[in-house]
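Here's the structure, in C-alpha cells; my notes come after.
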Amino acid sequence: MKLLIIAPFDLQLRDGTSIRVTNLTRTASRICKNIFLVSQTINEELKNVNNVIHIKIKPLQARYHFMIAFMEDLSTHLAHANATRIYGEVFFSILKQIMSVIDVVHVHWLIFKYIPKIVVEKQGLYKKPIIIDVHGLHRLQSPSMYSLKLLLIHILGLVHESIAIKDKAIDAFTVPSEGLKRYLINVFGIPSNRIFVVPDAVDEEIIEFARRCNEVDKE
C-alpha cells in the first residue's frame, strides 16, 4: 500500500501534533510500501525511515488556511485558484503525480482537507479514500479573551468544523481516544464504523528512564 500523509506543520518543532504525526508515520511505514509526507519540515526520526518521501509545503499563517478552507466549503474552483496562487503550480503538479499512484490519503486536521480535494476535483483524478485525523476540535478549547486575532481564529474554526466534518468526501476519521470518538458520534452524528481510535504512542525512552529512577529511589 502507498500512503499520502498531509501534515503541513513544522515537524522539527517538538509538540503534541508533531509527535503524533511522527509516530503515526513511523508505524504506517512498517506496513506501507511508500509513504509520501507533505509537511513544512521533516525531523531526524523520519529522515531515517527509508520508505518515507518528504514533500515540502510552504508555511502559511492560520488565516490563509482558513480562507482557502472556507472557499473550498463554498466552491472548489475558487479554492483551487487561490491555493494555486499561494502554493504555486509546481506543488500541485507534484501532488497530482503522487495522488495518481497512492491508495489512501491521511490528513491531519480538518482544515487541511481542501488540499487533496482540490487535486482530485480540479485535476481530474479518481477519488482516493480520505481519512481525517481529528486530535482536537475548536469547540473543545477555551477561546482566548486576550487577543482579538486568536478569538477570531477560534470563531472561524467553530464555523468551519461544523461544515467540514460533515463533508461527504471524508471516508473515515482517526482519533486518539474513545472519548473523542463518542463526542463525534453524539455531537456530529458520525457513524461509529467510520471512526477509528488510534491512541498516541508511548515514548519507551521516558518509561525506561522512569523505571531506572524508581530503582534508584528504592536503593
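The numbering of the sequence shown is the numbering used here, which starts it at 1 and goes up by one. By construction, the Cβ of each residue, glycine as well, lies at the ideal position given by its N, Cα and C atoms. All values derive from a computational prediction rather than experimental measurement.
If you look at Phe92, you'll find it isn't in any beta strand (DSSP E); it sits in the alpha helix (DSSP H) that goes Glu89 to Met99. In the structure shown, Ser144 falls within a coil segment according to DSSP collapsed to helix, strand and coil. Per the C-alpha coordinates, the member of Ser147, Leu184, Gln12 and Ser100 positioned closest to Leu3 is Ser100. Separation of Tyr146 and Thr17 (C-alpha to C-alpha, rounded to the nearest whole angstrom) is 24 Å.
Put simply, the stretch 86-104 touches the stretch 51-59. At least three CB pairs are less than 8 Å apart.
Fully contained in the stretch 157-206 are the following beta strand (DSSP E) runs of length 3 or more, in chain order: 172-175 and 195-197.
Residue pairing from DSSP places Lys56 in a beta bridge opposite Ser39.
Within the same chain, and ignoring the five residues on either side of Pro8 in sequence, the residues whose Cβ sits closer than 7 Å to its Cβ are Val38, Ser39, Gln40, Ile57 and Phe112.
Val216 carries a helical assignment under DSSP once its states are collapsed to helix, strand and coil.
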